[in-house]
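Just so you know, the protein sequences line up as chains A, B, C and D, in that order.
Everything in the first sequence is counted per the numbering used here, starting at 1 for the first residue and increasing by one.
Everything in the second sequence is counted per the numbering used here, starting at 1001 for the first residue and increasing by one.
Everything in the third sequence is counted per the numbering used here, starting at 2001 for the first residue and increasing by one.
Everything in the fourth sequence is counted per the numbering used here, starting at 3001 for the first residue and increasing by one.
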Amino acid sequence: MIVPCILLILGAILSLLIRNSKICNILINGISAISCLLIIVVGVGGILSRIVLSLPLGLEMGLDSLSSVFCVVLGIVGFSVSTYSIKYMEIYGRMRYYGVSYTSFILAMYLILIVRNAFWFIFFWELMTLSSYLLVVYEDEKEEVRRAGFKYFVMTHIGVACIIAAVLLLYQQTYLIGVPDMSFSSLSEASRSMPSSVLHLCYLLLLVGFLVKTGAVPLHSWLPDAHPAAPSNISALLSGFMIKTAVYAIIRMFFFVLPMEFWCGILLIASGLLSMFFGGIYALKQVDSKRLLAYSSVENMGYILLGIGAGLSLLATGNLILGSIALSAGILHTVNHAMFKALLFLSAGSVIYRTGKRNMDVLGGLGKYMGMTSSLALIGSLSASGVPVLNGFVSKWLIYSVTASSWKIPILPVCAAVAVMISAITGAFLLKYWSSIFTGRPSEEVKECPRLMIAGEAILAVFCFILGVYPMLALLPIVKVSEDLGIKASIIREQLFLGPFLIGPVTISTISLIAVFSFLSLFLLLTFVFLRPSGIKAEPWFCGTRPSALRFQASSYYRNLEEAMRPAYIKIPRITLRKYEEPDTDRFLVKPIVKAFGKISRAILAPAMGYVQLYLALMFLALLLIVGVIIWIS
Amino acid sequence: MDLIGGLINLFLVMLIAPVLDGFARKVRARIHCRIGPPILQTWYDIIKLFKKKDIDAEVSSRLYLISPYLSLAFSLVAALIIPIGCKKPPLGFTGDVLLLVYLLASSSLLVAFGSTASGNPFSGIGASRMLSLTVLGEGMLAGSIVTFSVIAGSLRIGSITELLSTSPRLAAAVALIPLAVFVYLESERVPFDIHEAEPEIVGILVEFSGRKLGLIKYSMMIRSTVLATLLIDLAVPWWLADSYMIPFYIISIILWLLLLLLLTLIFTIVDSSLARYRISMAIEGLVPFLCISFLSIVLAFLGV
Amino acid sequence: MNVDLAFLFRFLSSIMVITSVAIIELRDLRRSAYAYMLQSAILSADFSLIAMMTSEWHMYLWTVSSLVTKVLLVPKVLIWATEKTGERIEVKPVLPLTVSFGFEGAIIISLFLVAPFVFPSAESRFPSSIPISLVLFMIGIFGMLSRKCALKQVLCLCHMENGVHLFLASLAYRSPMTVEIGILTDAIAAVVILLYMAIQLKRVVGTLDTFKLSLLRW
Amino acid sequence: MIPILILLSPLAGSLISLVLGRRPREICCILSSFISLVLSTTALISVRAEPESFLSGEVILDGLGALVAFLISLIVFLASVYSPYYMNLDEKKHRTYYFLLQLFDFTMLSVCISNNIFLIWVFVEATTLSSVFLVALRGDPTSLEAGWKYVLLCTVGLSIALFGTVMLYVNALEKIGESGILWTELMRNKSVLDGRVLETAVIFLIAGYGVKAGLFPFHWWLPDAYSEAPTPVSSVLSGVLINCSFLAIARFYLLSPSGIVSSLLMFFGIISAIFGSIAMIRQVNMKRLLAYSSVENMGIACIGLGAGGIGIMFSIFHVFNHGLLKSAAFLSWGGVERSNKMGGVPPSVAFSLVLSFILLGGCPPAGIFLSELGILTSVVRDVSVAVLYLISTFVSFSVLSYSAMEKGLGKMLAEKSSFSAWIIPVISSTISIAAGLYPIPILHIIEEFLGGVG
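See the structure below:
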């Protein structure tokens, strides 16, 4: 459990010592990759048996199913990203800066998952925030990167402040019950005896704190800025895992530490609904590839929050089985999203690596030269849009099924309907992403990416595939999470509900569906491998126009749809697609506030005109007021 | 019995789908005061296309080659989930109806991806239009399906049809409207045939030829047949047999055929009497139905 | 004896009010400095009266030190500063003479009315010393507010400090020597530093008009 | 006799440095401030709950005084190490600078250990007088203007404090006797004093010393002086000068920590915090921005004082941390100014800048975060106050981190910078981080002090 930490710290120190940037690069990423492998081992160990470790200074660590599942995901994503980075980071300089922040980033994420003490949790949370901030502003010579970094920094710190406040409120209570301690177990004990108003305040603060990090609408606005600003391997980690630590934290806090509360679940559902809706329709509009993917992350966090929120509200109202299935669905989607979103970000990174461009309007036809990258990006896109036999489908389907059948909470079936619709939008914008970059007439001549980068992506693609066909690989450990909550996993498994995807009672349909899925995937593989072009090739038919004049730009893909959904893009008078105009809630939430503060600032500084007489007069006015108050009192 | 039922389902759908198309063509010709092609003409077309030499687009991805096959495969799996003749579908489990939605959507999504993979910008335009419509269509479909599941208290098509056949509800009737519109939309008829219209030069099929074209057309027909069956199942669930008892089963299959033909007739009449929309008009035209579908969920919860 | 001393004290204090108006309103800086000299002399006389009435011997010392610093040193330095800067007549003040008089009158009257409320328990053996010290203080402040000339502002500051010192002497006459020396030293040091800065201002900026000193804003 | 020795070292240093040459003078300054640092550290370690008194009670050494004295000597030491790097002066100004810097040090240290309420006033006034030429050292119009405003406003303001002191003394003279001039005696017998006069006097004292501390309606000199002073001087001014006046405010406030006084102090605190933080938004000059941040932080400290309870403890802790970080921010900004002249900011300087700014904004590991949190818990009962407080802290955090990122990032040079340009700010930031991570000893000292005074 400690070995990866030591290795990562060692990596950070080594990266400071080594001056040669090439060696440094290989070393950092190599060490990170190895420690990620170790993290996978730790996670698998944790799935098989519980591990608890107590270190001095209250540094308690533990691995239960929840932590283990997340550890494994971190390991997989981290390993493939590190592999990828060995080549990718060659185009960047400043290796020592990178090395320290990258290793500490992974370290912090790992430790967040395994610590069992609120103080250390916050400590590592902060470490994660800071190191990821450093990575986001890696290319700090660019104005927009600094802006994005600033926004990220401030928003996450407001979140951290909320978390700390909540933890302190809980900690105060531990004094009253006589165990002044910050470990999760005693906080949990304290929360049972808390006055309900304070407890509700805690819930609210924690929710805000964690939702900022997940990038849930309306607290998301840092996310689409920070992800494109960071180097792509970092975006892959940010989107692939960092925002999931908040999901982990939500599950840990709201399911395990604090008593489950119905309205928290409803709030989570609501924010999930908003995130998936706005994330989806904003992604539709993007022309910047990584920005599109970032909004897609917002959307997928919406699915995850919907699942978890449904789980929370169902469990809190006593629907144990449905609730635990919803929770499992949420976690499963977390796992799946980690895989395909990291894959997509890495593919966007490969394009940047070769062309240096993110604008999908000017990119095109790269599939001709970067065949493997194109195929891998395709797998990611299809998986994210939920095509069966790839992993995105399974979890989405589970989420729909469980929400659509939660008739006791009427909002949930509505959510399911919306979610299905948003899923179609996902398909739409990912089609835009993939086809505008990789298909069409090539915009420039490039080479295929280095093998290591492809390998990094391929690992994730393989997992997308495996988890799509045999989701029980992930679902079995995930169901154990509910077991930790005190719900018998066997009951859940017995529910035919999850039938096809769990090793439940073997029914004909179970077998046949698995058979069908296996058949489909086999079919896909076979066609992919053996289907050869007929040998006769023809120029695409351009309807008689000059081919060079034709290009279908990314910005015009869904113009009509966007026009139709104009009200959803909050008060944008006319959608201008040629520009990088942002349908951003910032404009309505943050900017007016900033403007207002600027105005107030101007107003209150108006007396400071430089005249010493004026200053004296103001001072004495204040003094006279005070004297007046004294006289009035007496 | 499930296995045999599944095979029967597949066989029926594969057989009937082109026939329905041929029937539609015949009806349309009659409305236009033409004699029209024979009913089996579509079958002949497909067979001819399969025999033809395949020409590939020059700059294309591998997906371009395989997407027709995959699309067909997904449509066929969808055919296993739909009850034909018997209330219990061959592949039934909780949530199967959502799988159906996904399979059909994926089938068309794959065609869209495949067509853009051909590298022709016109296919890109077609694909984007198709997906624009699909977004709204899926919303409508999802809304009505959730309504049915709320009414029936189950997410299995089998249970839903069973319940609807015993106790019809107003909400179900309301939910049928968007569902019908969706089925109409997916069968690529005027005014929603924007992405692949006969008089149109742009479209998703522009770069497909020969066997690939045949496969895609076939898969589209199967898809619309499956959807039409879903509509029939949910609208008039009484014709479905309770089990695979031979006499009832066969009777209900014949009924199914008749109902399909009736539906096709209605659709074709509507089709012939309408003019084509521009894409933006089509999208805006769908929005009210989306609202209706979400309204129907509310109605279902109100117990209407 | 005591009664006479008290009367004398009140009489002298009243003259101080008149001198204070003179200090503010005289446009010629040297005359204004002489008025200040007169006021400081009266202040020293007040100190000695306090010393007589309370028989605190160190008040005599205070008298002497204020004679040396306030009556001799400060006016001397002020006049030297006017010579050094070459500004005999102050920059035109913000307020015209009549308005200024009106304000001063208002300050005097209102403070005599208000003082008993603000310092109710500070009943003193020295009649009206508290209102008068407050008047000196406030008129000094008023001068600083309404005059532009840097040197005049320094004069107003000195004037204000006279008020503070009168207040101090009439209430805290029993405070130890160190305190009084410290306070006086600070006052004198502040005046000297300000004057030095005023000379610097004249040299660097070229004017004593403090309204020109508004480069630093916001 | 440690307190006297603490004082003697800078005084002697200032006098000696008048007669030395350039280099020896710098070394003399560093040495004298180092000695006083060592002495004040020992004083801080050896401080007891019961204050020790010397010279018949005129001089005391209690927790609060020792803490602020430690801070003063630390920051003056850092500034004097930093000065040779930053300052580039001709001989006359060089002499003036080092003479006055140590004299300034002396006066500030005197404030910390004085027990006589008049002497506190005298020394606070003396800090103004000794630092005014440091502010106006450049001698150009703007710096003279800043110096002029500084000395005029502070002198006038402090005369208000003198009024308050006299009232307090007269009251004490009646009720306690001659010894009522000593703060410790006042504290011991505060229940004997006439409550209303005491309140009035304390209000005057707060307003008067508030001028020096930079509370809102009295703060006008502060941005000018900070922005015009040479950066090491700004760091001392902002880091510890206002802490001296805060110390005076705290001492007198503790005489009457209730009723109208505390609500008035709270009111001052809130408007200063809000004003300071919002005024920061418009600043383009970093030093002015930091000056307004000082206004804000003094406001926060006053809110803590006014709130009472653990608020008092944390406000003293806040002042301590603020001093460390504000001086770090100024010194690192000085490094940036220097390197900007050469075309770009070296990474190490940028690092120190970003570090000190974001910590100053209240980023978690720093002690300032802890103190802000502590003060928040003490005001959380009053919702409107808590909301205003949170707004001001959020605004200042955003503005500070924004400006750190604007100024510190993006203009990197690969070159190495002078060592002292970044190590000095990093040292004081590190101390603040350490105080944030392990605040027990300092909080313990403050707690004992507060327990000692009741």
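Backbone N, C-alpha and C fix where the C-beta goes; we use that ideal spot for every residue, glycine too.
Below-8 Å beta-carbon distance, residue i vs any chain C residue
i	result
A/Leu-621	no
A/Lys-613	Looking at the sequence shown, residue 613 of chain A is not Lys but Gln. Yes, A/Gln-613 lies at the interface with chain C (some Cβ there is under 8 Å from its Cβ).
A/Ala-603	no
A/Phe-609	Here the sequence assigns Met to residue 609 of chain A, which means Phe is not the residue at that position. Yes - at least one Cβ of chain C is within 8 Å of the one on A/Met-609.
A/Ala-617	yes
CB contact below 8 Å: residue i versus chain B
i	result
A/Thr-355	no
A/Pro-477	no
CB contact below 8 Å: residue i versus chain D
i	result
C/Trp-2218	yes
A/Glu-126	yes
C/Asp-2028	no
Classification of residue i by the beta-carbon crowding that lies within 10 angstroms, buried from 16 upward
i	result
A/Gly-365	buried
A/Pro-413	buried
D/Pro-3441	exposed
B/Lys-1051	exposed
A/Pro-505	In this prediction, A/Pro-505 scores a pLDDT of 38, lower than 50, which makes its location untrustworthy; the coordinate-derived value is nonetheless stated afterwards. Answer is exposed; the Cβ neighbour count stays below 16.
D/Met-3342	exposed
A/Val-81	buried
A/Gly-499	Low confidence applies to A/Gly-499: its pLDDT is 45, below 50, so where it sits in the model is not reliable, and the reading given next is rough at best. Flag for A/Gly-499 reads buried.
A/Pro-573	Its pLDDT being 39, under 50, A/Pro-573 is placed unreliably in this model, and the coordinates cannot settle the point.
Residue i at chain A interface by Cβ criterion, 8 Å
i	result
D/Val-3395	yes
B/Tyr-1184	no
B/Ser-1161	Residue identity check: residue 1161 of chain B is Thr in the sequence provided, not Ser. For B/Thr-1161, the answer is no, since every Cβ of chain A falls outside 8 Å of its Cβ.
D/Glu-3058	no
D/Pro-3364	yes
C/Ser-2214	yes
D/Leu-3198	no
DSSP beta-bridge partners of residue i
i	result
A/Lys-537	B/Asp-1056
B/Ala-1241	B/Cys-1086
A/Phe-438	DSSP, once it has assigned bridges, lists no residue as partnering A/Phe-438.
A/Asp-288	A/Asn-359
D/Glu-3052	D/Leu-3061
Rounded Cβ spacing between residue i and residue j (contact assumed at less than 8 Å)
i	j	result
A/Val-69	A/Ile-331	6 Å
B/Val-1077	B/Ala-1142	No, B/Val-1077 and B/Ala-1142 are not in contact; Cβ-Cβ is about 19 Å, not under 8 Å.
D/Val-3211	D/Cys-3154	6 Å
B/Val-1150	B/Ile-1292	Actually they do not touch by this definition, with Cβ atoms about 15 Å apart.
C/Ala-2189	D/Leu-3129	5 Å
A/Leu-473	A/Ile-466	7 Å
D/Ala-3049	D/Gly-3308	Contact doesn't hold; Cβ gap of about 20 Å is too wide.
Run through the region 1265 to 1303 of chain B for me and flag every whole alpha helix (DSSP H) of 4 or more residues, listed as ranges in chain order. 1279 to 1302
- Item | Start-end ranges of the alpha helix (DSSP H) lying completely within the region 270 to 334 of chain A, minimum 4 residues | Entirely contained in the region 270 to 334 of chain A, the alpha helix (DSSP H) runs reaching 4 residues are, in chain order, 289 to 316.
Notebook entry, point to check: Can you list, in chain order, the stretches of the alpha helix (DSSP H) that have 4 or more residues and sit fully within the region 91 to 130 of chain A?
Noted result: 95 to 114, all fully within the region 91 to 130 of chain A.
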